[in-house]
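Student:
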Amino acid sequence: MKNRDKILHELLDGVAPQLEASVLRSPDAERLSRYRDSLKRLETHSEQAPDDFVARIMDALPSKPRLNWADRMKSFWPEKRFWAIPALAGALAMLFIIGGITLFHIPGNTGLIPVVLDLRAPSARQVELVGTFSDWTPGGFILKGPDPAGYWAILIKLPPGRYEYAFLVNGSRLVPDDDGEALRPDGFGNENSLLLVKGGPSQFVDPYGFASHEYTTISLNDPGGPAFSLPDQNRELWQAILRDGVATGIERDKMENLLSQLAGAGITPDEARCVLSLLFQDDQADDHAPYVFHKIQESILKKTRPETLKAMAESRYQAFKKASALLVQTGHEAPFETDPFLLNTTAFALEDGQSLASLQEILGSAKGNSSAQLAAVIEAGETLRHAGLEPEILALIMKDCLRKGLNSQQINRVTRHVKEKLQEGTDHKIILNEIWI
Amino acid sequence: MHPTDAVLIEKCMNGQKDAYAEIVERYQHRIYFMSLTRMRDRFAAEDLAQETFIQAYRKLASYDPQRSFRNWLFTICANLGKNRLRSRSRRREVHNPNPEIIPALIQSPEHCRLDLMVALHKIPEKLRVPLFLKHVEGFSYNEISSMMKIGTSAAKMRVKRGRDLLVLHLSENHNHSGRG
Chain V
623 MKNRDKILHE LLDGVAPQLE ASVLRSPDAE RLSRYRDSLK RLETHSEQAP DDFVARIMDA
683 LPSKPRLNWA DRMKSFWPEK RFWAIPALAG ALAMLFIIGG ITLFHIPGNT GLIPVVLDLR
743 APSARQVELV GTFSDWTPGG FILKGPDPAG YWAILIKLPP GRYEYAFLVN GSRLVPDDDG
803 EALRPDGFGN ENSLLLVKGG PSQFVDPYGF ASHEYTTISL NDPGGPAFSL PDQNRELWQA
863 ILRDGVATGI ERDKMENLLS QLAGAGITPD EARCVLSLLF QDDQADDHAP YVFHKIQESI
923 LKKTRPETLK AMAESRYQAF KKASALLVQT GHEAPFETDP FLLNTTAFAL EDGQSLASLQ
983 EILGSAKGNS SAQLAAVIEA GETLRHAGLE PEILALIMKD CLRKGLNSQQ INRVTRHVKE
1043 KLQEGTDHKI ILNEIWI
Chain U
63 MHPTDAVLIE KCMNGQKDAY AEIVERYQHR IYFMSLTRMR DRFAAEDLAQ ETFIQAYRKL
123 ASYDPQRSFR NWLFTICANL GKNRLRSRSR RREVHNPNPE IIPALIQSPE HCRLDLMVAL
183 HKIPEKLRVP LFLKHVEGFS YNEISSMMKI GTSAAKMRVK RGRDLLVLHL SENHNHSGRG
């Protein structure tokens, strides 16, 4: 038997062709043909790299072929007997470096990630950027432009996080950014753009080749921006609301800013108290307050009526409460101050209409995934849900991403790929099968 | 006439970065297929293929022009793939595809394509890669043994067992879809 097996594989290797005739006459003839058929399928099979593969690699290449330090060091490493010399030299150098860093520490990295946003609006007189990073307040982020092609651009530096934004054209018209990560319904019948600022080493690419001074550059750490103070009219009533807010742990400046914006929008102190009442009843209001404030500030900018404003604030607040409870329940509670990304993403998904049960299922299926992976998967789920992917297929894809432990960039690529396929009209099951393989 | 790999690499070393685009163009689908054989997941495979070309570019200075560039490139891909799988397996079991996802296509060229990949991925990774190198890329057993840092007889044995399993899994899939 062993011998026949050996002969069969030798024939498949192209060795001993003289034995072929005898095998073809033996009971192994059918086996040989089955092996040849199977191997032919493998040998003639081909896989195509993505269309933009060459361009992607060429973009990622360093300017010159250059060995990294580890490879270079290898060429300096002496043979066997003298290995101690470079080892000691290396250890000494390391000591100097560590000592130097400890003695002369220079604070450099601020943890802010530069992002360029732009809009093509050749006939606009002024374009501003408003969003959750600026409390939806106009006046702070004015774009530079237009350039000869009609583009307005701004460079901002933001801490990692999830932001919603839009452009305010000529001080009155809000326009979402079609180039954003995704568009999200704003709850007022329009859409906001989504900006996901990832942590880690910055991979900033200047898309226009402007010199840095040609951008309007604003970072959140910069002082300035519009400052607000409580209005004189009904000042005591506004101050009472401010005191109640501060008593629940909400930051005084944020509270004061919000109240003056509400007053500026013609909201009375009674109406303001009514809108904020839900925050004043909760011990943990300060955790969720900034996000509720963003919604209120966005509503003000979009000239919403006070009763709608209360509903919006309540919906945002409830979403955050449910998200917190869900993360605790599924064992993904992360310290909110240091890692708010997962909570944000979960809350926004809930607010956006994602069902609690489906999120529970996804979060429950995660094993050993980081909060960044979970947030990326939930965000991808939101984008694909809006793109019209069937919920069952969507849930399978989301769980598959977690199961495979894909990182955020890979999950983004899955999202882009599925979106493209959906736009091409590919059957949803075929998309799923493709993702799996 | 197309320039040889050696000519293109010399151009790269002389600062003509564009010459590398031709190298990538030449090998992209084959390295991607190798990565897909190794990684099972197309997005992880894209990453591996991309990293292979980037690493190869970085290390061009250490490439010995006396050796075959194709062998060198596939060796880099094999080593990077091994490292990646090693770090992945520390986190989770990767040998079973998601049991909830079952290809549900009718018989079609697309189905045959998936069918082959499903069968290929049922083969353990240490047999799958030598099988790929032998039957898709046509490397000799000596070349496979030096690329995978195993003995020639081990390479032969792995290819043999890989063939046996490929035939087995393809016939299983055939029977399964025949019943369905």
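One line per chain: the protein sequences are V and U, in this order. First residue of the first sequence: 623, per our numbering; consecutive thereafter. First residue of the second sequence: 63, per our numbering; consecutive thereafter. We treat Cβ as the ideally placed atom computed from N, Cα and C, and that holds for glycine.
How close, in whole Å, do the beta carbons of L898(V) and G867(V) come, if the pair is a contact with beta carbons under 8 angstroms?
Tutor: Contact holds; Cβ gap of about 7 angstroms.
Student: Please name the residue in N1055(V), A746(V), A971(V) whose C-alpha comes closest to that of L1006(V).
Tutor: The shortest C-alpha separation from L1006(V) is found at A971(V).
Student: Is N856(V) helix, strand or coil when you go by DSSP?
Tutor: It is coil, neither helix nor strand.
Student: Which same chain residues end up closer than 6 angstroms to E920(V) when comparing Cβ atoms and leaving out the 5 residues on each side of it in sequence?
Tutor: Result list for E920(V): W758, in chain order.
Student: Please state whether DSSP places H763(V) in a helix, a strand or coil.
Tutor: The residue you asked about is not His; residue 763(V) is Phe in the sequence shown. If DSSP states are grouped into helix, strand and coil, F763(V) belongs with coil.
Student: Determine the extent of the alpha helix (DSSP H) in which I71(U) is found, giving its start and end residues.
Tutor: Where I71(U) is concerned, the enclosing alpha helix (DSSP H) stretches over 67-75.
Student: Under a CB-based cut-off of 7 angstroms, is M877(V) close to chain U?
Tutor: Closer than 7 angstroms: no.
Student: Closest by CA to D800(V), which one among L710(V), L741(V), V637(V), R653(V)?
Tutor: For D800(V), the nearest C-alpha among the options comes from L741(V).
Student: Which value, in whole angstroms, describes the spacing of the CA atoms of G636(V) and F136(U)?
Tutor: In a straight line, the C-alpha of G636(V) is about 23 angstroms away from that of F136(U).
Student: Check the Cβ-Cβ distances between P687(V) and every residue of chain U, and say whether any is below 7 angstroms.
Tutor: Yes, because at least one Cβ of chain U sits closer than 7 angstroms to the Cβ of P687(V).
Student: In whole angstroms, what is the alpha-carbon distance linking S708(V) and L714(V)?
Tutor: At residue 708(V) the sequence reads Pro, which differs from the Ser that was named. So the alpha carbons of these two residues sit roughly 10 angstroms apart.
Student: So, does the region 103-116 of chain U touch the region 666-680 of chain V, judging by three or more C-beta pairs under 8 angstroms?
Tutor: Verdict: yes, contact present.
Student: Is the separation between the beta-carbon of P127(U) and that of A81(U) shorter than 7 angstroms?
Tutor: Contact flag unset, no.
Student: Enumerate in chain order the residues of its own chain whose CB-to-CB distance from A994(V) is below 7 angstroms, with the five nearest sequence positions on each side excluded.
Tutor: Same-chain partners within the cutoff: F963, S1030.
Student: Starting from Y773(V), follow its DSSP beta bridges and name the residues at the other end.
Tutor: DSSP output for Y773(V) lists R742(V) as bridge partner(s).
Student: Kindly list the residues whose CB is nearer than 7 angstroms to the CB of A894(V), restricted to its own chain and excluding five residues on each side of it in sequence; keep chain order.
Tutor: These residues qualify, in order along the chain: I863, L881, L884.
Student: Where L923(V) and R784(V) are concerned, what is the direct C-alpha to C-alpha distance, given to the nearest angstrom?
Tutor: Straight-line Cα distance between these residues: approximately 20 angstroms.
Student: Whole angstroms are fine: how far does the CA of I1033(V) sit from the CA of K779(V)?
Tutor: Approximately 24 angstroms, taken between the alpha carbons.
Student: How would you label F718(V), buried or exposed, when you count the other beta carbons within 10 angstroms and need 16 or more for buried?
Tutor: F718(V) is exposed by the Cβ-count criterion.
Student: Have a look at K766(V) and L1044(V) and give me their C-alpha separation to the nearest angstrom.
Tutor: Each residue's alpha carbon lies about 36 angstroms from the other.
Student: Classify I1057(V) as helix, strand or coil using the three-state DSSP reduction.
Tutor: Three-state DSSP puts I1057(V) in a helix.
Student: What residue range does the alpha helix (DSSP H) around W649(V) cover?
Tutor: With the sequence shown as reference, residue 649(V) is identified as Pro, and Trp is not the correct amino acid for it. P649(V) -> no alpha helix (DSSP H), and no H or E assigned at all.
Student: Assess contact between the region 971-980 of chain V and the region 791-800 of chain V, defined as three or more Cβ pairs (one per stretch) separated by less than 8 angstroms. Is contact present?
Tutor: No, the region 971-980 of chain V does not touch the region 791-800 of chain V.
Student: Looking at the secondary structure, which residues open and close the alpha helix (DSSP H) in which S815(V) lies?
Tutor: Counting along the chain, S815(V) falls outside any alpha helix (DSSP H), though it belongs to the beta strand (DSSP E) covering 813-819.
Student: Keeping to the same chain, check which residues put their C-beta closer than 7 angstroms to that of I889(V); ignore five residues upstream and five downstream.
Tutor: The answer, listed in chain order, is P928.
Student: Could you tell me the distance, in whole angstroms, from the CA atom of A140(U) to the CA atom of M96(U)?
Tutor: Distance between the alpha carbons of A140(U) and M96(U): 8 angstroms.
Student: Is it buried or exposed, Q78(U), if we count other Cβ atoms within 10 angstroms and call 16 or more buried?
Tutor: Under this definition Q78(U) is an exposed residue.
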